Structure formats: C-alpha cells, structure tokens
Amino acid sequence: MTDDPRLRALQALLRRTEAPTTATLATDERRSTEAAATPDDHRSTETAAATPLDPAVLAGLAPAGIRRYRRLVVQRLRHTIRDFLPRTAARLGSRVFRDEVVAFLEAHASRTPYLRDLPNEFVAWALPRWRARAIAAPDLVDLAHYEALELAVLNDPRGGEAPTGRALRLDAALVFDGSTRLARYDHAVHRLPRDPADRTPPQPEPTFLLAYRDAADGLQLQELSAWAHRLLGALLGGATVTAALHEVCDRRGNALDERQLAKAAELLADLAQRGVLLGAPSDACP
Amino acid sequence: MPPTGIGLALRTAFFDALERGEGDGRLAFVEVAPENYMHRGGTLPRRLARVAERFPVLTHGLMMNLGSTDPLDRDYLTELAAFLRRYAPPWHSDHLSYSGVDGVLLHELLPLPWDPGTAQRVAERVLRAQDALDCTVAIENISAYLRWGEPYYAETDFILDVLRRCDGTLLLDVNNVLVNAENHGFDPYAWLAEIPLERVVQIHVAGHERCGDGSVLDTHGADVSDEVAALLGWVIERAGPRPVLLERDANVPPFAVLLEEIERLDAVYRAALERRSTAS
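Chains as they are written, first to last, in numbering that gives the first Met the number 0: chain A, 0 to 285; chain B, 0 to 279.
Written out as structure tokens, the structure reads:
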C-alpha cells in the first residue's frame with residue numbers, strides 16, 4: 000500500500016496533548032526539516048509527540064481545523080469511556096479523567112474498530128500506570144477493572160453455546176460458556192451502588208468472582224472462595240479436572256482427598272446447572 | 000429492489016418503540032451501523048434481528064478506513080461479510096475519509112487530500128472491499144473541518160475521480176454538503192450540480208448546529224434545517240426515487256417527534272417527485 004506521510008502527520012497532531020497553533024506548527028516544521036537528515040523509521044513510534052512531521056504537510060494545515068478535530072477526537076474518546084465506565088470516571092474526577100484520556104490518546108490510542116471495546120483498551124493501558132504513579136487509589140483500580148469486566152462479559156462475541164452432551168470426566172478438560180471470566184480484587188467493588196454520584200467506599204476484602212452472561216443476556220456474578228477461584232482458573236486454562244485439583248492442592252500443600260473431590264463435584268454441578276459449565280469436550284473419550 | 004422513501008438510522012434509543020410497532024408503515028427502511036452489532040454477543044444483535052423482521056435494512060459502516068494507507072482489516076471485513084450475508088442489503092456504504100494509520104484508530108472521520116494518488120488508493124480499496132464482502136460498497140461524502148492546503152482539484156472532482164476509478168456509487172449526504180458550504184464558503188447547489196446523480200444510490204439528511212465562532216458542526220443533534228430539506232428536494236427532483244435516511248444521534252427527541260420529522264421529510268420527498276413527474 001502506498002505510503003502517505005500527510006495522513007500520519009495529521010494523526011500525530013491530533014494525538015498530541017498540546018493544541019496546535021501557528022507557532023507550534025512552525026516549530027514542528029523546523030524540527031521535521033532537521034529530522035529529515037536522520038534516517039530513523041518512525042512508523043512504529045508509539046508516542047505521538049515523538050513523531051517527526053513532514054514540513055510540506057504542515058504548511059497547508061490550518062490550526063483552527065486541527066483544533067476542531069482534536070476536540071472531536073478527545074470528546075468521542077472521553078464520552079465513550081465515561082458512558083461505559085461511569086463510576087470510574089466519576090470517582091476519578093473530571094479533570095483527572097480528562098487528563099488520563101488525553102494521555103491515553105497520546106501514548107497509545109485505540110486499535111479496535113469497535114467503539115464499545117475502547118473502554119477495555121483504556122483500562123488495559125491505564126491500570127498499570129495508575130498503580131505505578133498512584134493516580135488512582137487501589138479500590139478505584141479495582142472498580143475500573145470491574146466495570147471493564149462487566150462490559151467485556153456482556154458484549155463478548157462468545158457465549159450461549161450449547162452443552163457438549165459429554166459427561167464430566169476426571170481425566171478430561173472442561174468446556175465453559177464462552178463469556179465466562181474470573182476476576183480477583185482486594186475490594187468488594189461488585190457490591191457498590193450503580194449510581195455514579197455515589198461515593199461509598201468499597202469494603203476492603205479479598206474478592207474472587209466468576210462472571211458470565213446468562214441465557215437472558217444478563218450479567219451473572221458468583222462469589223467464590225480462593226480455592227474455587229484457583230480451581231476454576233486452572234480449568235479455564237485448559238487443565239483436566241485431575242490436574243486442576245492437584246494444582247490447587249499442591250499450592251496449599253495438601254493431598255487430594257475425598258473432601259476436596261466432594262467440594263469440586265459440588266462446585267462443578269452447580270456451574271453445570273447454571274449453564275456455565277457445558278460438559279467435557281465433544282472430542283473427549285466417552 | 001432497494002427501498003425508496005424516508006428511513007431512520009437505527010439507534011438503541013429507538014429499539015423499544017420499533018419493537019412495539021410504532022414505526023410500522025411510517026418508515027421505508029432502517030439503516031444500521033454494522034459495527035454496533037457484529038463481533039458481539041448479548042442482547043443487541045437479537046433485538047436487531049427482531050427489528051429486521053419489520054423493515055428493510057440498509058447498512059452504513061464507520062470503520063472501513065477506506066482512505067487509510069494501512070492494509071484493510073481482514074478480521075473486520077470477515078465479520079462484516081457475515082453480517083451483510085445475514086441482512087442482504089442492496090449495497091453497503093462507508094465514508095470517503097480515513098480513521099487512522101499505523102494501526103491506530105481515532106474513531107473520527109478525517110479528511111483526505113484531494114489528489115489523484117489518494118483517489119487511486121481509495122478506489123483500489125473499494126474494489127478490494129467489494130471482493131471481500133461480495134457486496135457493492137458505496138462511498139459517502141463527509142463533513143470536513145480542515146482542508147489540505149491548496150488541493151490538486153476540487154472536492155467534487157476528487158469524488159468523481161474515485162467513482163470513475165472503481166466504477167463506484169455514492170451515498171450523498173446533503174447535510175454534509177451544506178455544512179461544508181457554510182464553513183468553506185461555496186454554493187451547495189453548484190456543488191451538487193457537479194455530481195452525476197445517476198451514481199447516487201442513497202441520500203443522508205441530518206441536523207447541524209452553529210458554534211459560537213459562527214462555524215457549523217455536523218452533530219446530528221438538531222432537526223433537519225429548511226436549507227437541507229431544500230437540498231434534498233433539489234436532488235430527488237433530478238435523481239428520482241431514492242432511499243433517504245434521517246440521522247439523529249444527539250439531543251434525540253421522543254420517537255413520536257422523530258416520526259413527525261419523517262413525515263415532514265416525506266412531504267419534501269413527495270413534492271420533489273411530483274415536480275419531477277410534471278417536468279417530464
């Protein structure tokens with residue numbers, strides 16, 4: 000495909016934190032002329048601010064038009080993320096939230112053609128940054144992840160698959176509904192009120208959740224024990240029932256015994272009844 | 000046969016009313032953005048299937064990124080092809096713009112430079128997309144708030160060049176024509192006179208809003224202005240029956256009020272066809 004540096008240049012301008020003016024465009028033009036002597040391939044540059052711009056392009060662009068598009072881009076990102084992560088956005092506060100959206104645009108930006116997936120892109124980018132720089136408190140980090148989890152489960156293209164018709168076997172892996180997710184938090188953020196204006200702090204407690212979409216397309220959550228969470232983690236990772244049980248017991252330093260088997264049987268029977276556990280794979284031996 | 004008359008862009012806010020039958024006999028068709036339904040589980044795809052039992056469905060995408068220099072997104076096209084197979088629209092449309100390069104997507108319809116190289120690239124991508132989708136791809140003229148300096152040729156020449164190179168069809172957005180005419184200072188009727196109307200397969204109308212600095216923004220957040228309605232009538236009088244879509248994305252009024260606007264547009268449409276009939 001033929002390259003066109005003009006498209007890249009406009010994109011880089013729109014991603015920058017600093018709104019362009021005639022003066023900054025002139026500075027870009029000067030820097031770009033200097034950069035032309037350096038044969039770096041800047042196509043894979045992640046950060047928009049570092050992208051040298053073609054002086055021939057900049058000469059024809061009106062700053063007012065660039066600012067208009069910049070506002071449109073930021074507004075769309077901000078509104079989309081806020082609509083899908085309303086409580087996170089509200090608890091961050093409007094200034095910090097806007098700054099974080101702008102930083103996301105400059106440092107990473109979206110890669111998905113589906114606008115509804117944008118909040119999950121934002122969360123995946125933001126959470127390590129919020130933890131490292133203490134931009135958000137740990138309970139807010141948990142809430143952001145949880146709101147993104149709800150969105151991912153409700154819209155996952157997978158889910159609603161039919162039971163495999165194969166009975167559970169200890170030496171076989173298991174098939175789960177495609178929307179199933181596990182999550183672990185240090186705060187019970189799933190119990191917070193839905194109202195974005197609410198500021199109730201979440202209860203600090205180890206929280207293990209199983210999330211899935213039910214037959215009526217609703218979100219279902221199940222609180223798990225740490226033991227069940229680890230077991231299901233291994234099973235969702237593709238381990239056989241026996242291997243998953245041994246993994247859980249080994250980590251606790253316990254031997255696999257009748258009590259553990261009974262607990263696992265009860266858990267799996269419950270999940271099968273809920274339609275989350277679909278059976279052994281159809282290619283498993285009968 | 001493609002539908003003709005006035006249709007409505009389907010938004011989640013309208014689902015309840017449409018499923019209750021409030022649009023039956025009032026809308027010629029609905030138009031959907033496939034990106035809102037494809038590659039997605041949950042309730043919305045099911046609701047769309049129910050609405051599609053009541054109305055013909057046209058499809059209008061946002062993210063084909065026809066003007067980009069990146070390769071076309073194969074996964075996206077595969078999902079879109081499956082969607083189009085299911086709803087079988089007479090064509091699929093997307094914008095004469097780009098949304099990003101180097102894998103980045105800004106979720107905005109960014110303007111393209113008007114030159115033969117860009118026209119060739121877009122035309123090639125339209126042809127490739129049509130092959131991948133097994134469906135005609137119509138391109139839509141956009142509202143543009145930025146011009147790429149002194150262009151090689153006028154916007155209408157650029158559009159015509161793209162259409163000639165891919166033997167393509169146009170989704171003509173008359174609100175976008177008016178927004179650009181206001182912001183860049185040209186006569187919208189002179190602009191329309193340059194467009195070969197036989198290539199126009201569909202028309203979009205929408206409302207726009209004026210900003211504090213006097214410029215006009217294509218918000219889809221207001222009623223269709225009298226000026227846009229007049230442009231619609233001008234085109235229909237010369238082009239004949241076409242599907243005409245009302246887009247409303249912001250400041251959405253109650254559904255009954257939207258139906259009143261549909262009726263108003265339908266009166267404009269019928270009057271234009273009457274003039275066309277009288278003239279011939």
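All C-beta atoms, glycine included, are put in the ideal place defined by N, C-alpha and C. Values in this document were obtained by computation on a predicted structure and should not be read as measured data.
- [ ] Return the CA-CA distance between residue 82(B) and residue 59(B), expressed in angstroms with no decimal places.
- [x] Rounded to whole angstroms, residue 82(B) to residue 59(B) spans 12 Å at the Cα level.
Practice problem: Answer yes or no: does any C-beta atom of chain B fall closer than 8 Å to that of residue 206(A)? | Solution: It does not: the Cβ of residue 206(A) has no partner Cβ on chain B nearer than 8 Å.
Note to self: When you compare the CB of residue 155(A) with every CB in chain B, is at least one pair closer than 8 Å?
What the structure shows: By this cut-off, residue 155(A) is an interface position.
query: Tell me which same chain residues have a C-beta within less than 7 Å of the C-beta of residue 68(A), skipping the five on either side of it?
result: The answer, listed in chain order, is 13.
- Would you please state the rounded distance, in angstroms, between the beta carbons of residue 57(B) and residue 88(B)? I believe it to be under 8 Å. Contact between residue 57(B) and residue 88(B) is confirmed by a C-beta separation of about 5 Å, below the 8 Å threshold.
Going by DSSP, what residue range makes up the beta strand (DSSP E) through residue 58(B)?
According to the DSSP assignment, residue 58(B) belongs to the beta strand (DSSP E) that extends over 56 to 59.
Q | For residue 8(B): DSSP bridge partner residues | A | Assignment of beta-bridge partners to residue 8(B) by DSSP yields 30(B).
| task | Name the residue from 278(B), 151(B), 129(B) and 216(B) whose alpha carbon lies nearest to the alpha carbon of residue 84(B). | result | Of the residues 278(B), 151(B), 129(B) and 216(B), the one whose Cα lies closest to the Cα of residue 84(B) is 129(B).
Identity of the residues DSSP links to residue 205(B) by a beta bridge = Answer is 246(B).
### Query
Considering only residues of the same chain and omitting the five flanking positions on each side of residue 151(B), which have a CB-CB separation below 7 Å?
Closer than 7 Å at the Cβ level, and outside the excluded window around residue 151(B), lie 113, 114 and 115.
Closer than 8 Å, CB to CB, is residue 253(B) near chain A or not? False, the Cβ-Cβ gap to chain A never drops below 8 Å.
Worksheet entry | Option nearest residue 126(A) by Cα separation, candidates 245(A), 110(A) and 147(A) | Nearest C-alpha to residue 126(A): 147(A).
Helix, strand or coil for residue 52(B) per DSSP? Residue state, collapsed to three classes: coil.
* Asked: What do you get for residue 203(B), buried or exposed, if any count of 16 or more other CB atoms within 10 angstroms of its CB means buried?
  -> Burial call: buried.
- prompt: Whose C-beta lies closer than 7 Å to the C-beta of residue 144(B) among residues of the same chain, with five residues either side of it excluded?
  reply: Only 182 meet the Cβ criterion.
Since residue 112(A) and residue 72(B) should fall inside the 8 Å C-beta cutoff, what is the C-beta to C-beta distance between them, to a whole number of angstroms?
Residue 112(A) to residue 72(B), Cβ: 6 Å. Contact.
query = So with Cβ pairs under 8 Å, would you call residue 3(B) a contact of chain A?
reply = Residue-level contact check: residue 3(B) does not touch chain A, since none of the beta carbons of chain A fall below 8 Å from its beta carbon.
Under 9 Å by beta carbon: chain A residues contacting residue 125(B): Listed along chain A is no residue with a C-beta nearer than 9 Å to that of residue 125(B); the closest approach is about 14 Å.
Evaluate the contact criterion for the stretch 235 to 255 of chain B versus the stretch 4 to 11 of chain B: three or more CB pairs, one atom per stretch, below 8 Å.
With a cut-off of 8 Å, the stretch 4 to 11 of chain B and the stretch 235 to 255 of chain B count as touching, because enough Cβ pairs lie within range.
**OP:** Would you mind working out which of 227(A), 272(A) and 150(A) sits nearest residue 167(A), comparing C-alpha positions?
**Re:** Out of 227(A), 272(A) and 150(A), 272(A) has the C-alpha closest to the C-alpha of residue 167(A).
Exercise for the section: Please classify residue 253(A): is it buried, with 16 or more other beta-carbons within 10 angstroms of its beta-carbon, or exposed? Expected result: Exposed.
Is there a Cβ from chain B that is less than 8 Å from the Cβ of residue 112(A)?
Residue 112(A) counts as touching chain B.
Review point. If we ignore side chains and look at the alpha-carbon of each, how far apart do residue 158(B) and residue 39(B) end up?
Key: Rounded to whole angstroms, residue 158(B) to residue 39(B) spans 33 Å at the Cα level.
* If residue 233(B) sits next to residue 191(B), beta carbons under 8 Å apart, how far is it from one beta carbon to the other, in whole angstroms? -> Their Cβ separation, rounded to whole angstroms, is 7 Å, which keeps residue 233(B) and residue 191(B) in contact under 8 Å.
* Mind checking if residue 281(A) is an interface residue toward chain B, Cβ cutoff 8 Å exclusive? -> No, residue 281(A) lies away from the interface with chain B (no Cβ there is under 8 Å from its Cβ).
Span of the alpha helix (DSSP H), counted from its first residue to its last, around residue 263(B):
Here the alpha helix (DSSP H) through residue 263(B) covers 254 to 278.
In its own chain, which residues sit with a C-beta less than 7 Å from the C-beta of residue 86(B), not counting the 5 before and 5 after it? Answer for residue 86(B): 51, 56 and 58, listed in chain order.
**Asked** With 16 as the cutoff for other CB atoms within 10 Å, does residue 74(A) come out buried or exposed?
**Response** By the beta-carbon neighbour count (other beta carbons within 10 angstroms, threshold 16), residue 74(A) is exposed.
Would residue 218(B) pass as an interface residue toward chain A - the criterion being a Cβ-Cβ separation below 8 Å? Cβ-Cβ to chain A under 8 Å: no for residue 218(B).
Beta carbon proximity, residue 166(B) to chain A, threshold 8 Å:
Judged by the 8 Å Cβ criterion, residue 166(B) is not in contact with chain A.
Rounded to the nearest angstrom, what separates residue 224(B) and residue 84(A) at their Cα positions? Distance from the CA of residue 224(B) to the CA of residue 84(A), rounded to the nearest whole angstrom, comes to 35 Å.
TODO: Could you check the C-alpha separation between residue 76(A) and residue 117(A) for me, to the nearest Å?
DONE: Each residue's Cα considered, the two are about 8 Å apart.
*Is the beta carbon of residue 237(A) sitting closer than 8 Å to the one on residue 172(A)?*
In this structure, residue 172(A) lies closer than 8 Å to residue 237(A) by Cβ.
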